[in-house]
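Below is one structure; the comments refer to it alone.
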Amino acid sequence: MTGGWRFNKQLNLGIVVQLVLLASLILGSWVNLQRQVDILQHDVRLLLESQKAWQGKMDTLNDRCVGYEYRLRSVELLSKSTN
Numbered sequence: 023m024t025g026g027w028r029f030n031k032q033l034n035l036g037i038v039v040q041l042v043l044l045a046s047l048i049l050g051s052w053v054n055l056q057r058q059v060d061i062l063q064h065d066v067r068l069l070l071e072s073q074k075a076w077q078g079k080m081d082t083l084n085d086r087c088v089g090y091e092y093r094l095r096s097v098e099l100l101s102k103s104t105n
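Under our numbering, the letters of the sequence shown match residues 23 to 105, in that order.
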């Protein structure tokens, strides 16, 4: 008998089943993760579109505010000059 290790290359059916189940769990987790990433991308896109709409509204309000400020100054100047 020779010295050293002897490797038995026989695979047990239970080990094969466990490996298949592990692979299916990994694949299922990967698919679920991809679905969650897609949902997150959709939500972020909607959030960015909403933010752009709000930014447009804020710009409009800012323009109106500046216009009203100039009007108020001109009214104040007119009231001071008439007094």
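Ideal Cβ placement from N, Cα and C applies to all residues, glycine included.
Distance check for Gln-56 and Leu-44, CA to CA, integer angstroms please. 18 Å
Out of curiosity, what's the CA-to-CA distance linking His-64 and Gln-58? 10 Å
Expressed to the nearest angstrom, what Euclidean distance is found between the alpha-carbon atoms of Thr-104 and Glu-91? Rounded to the nearest angstrom, the two C-alpha atoms are 20 Å apart.
Cβ of Tyr-90 within 7 Å of any chain D Cβ: Absent here is chain D; the protein component of the structure consists of one chain.
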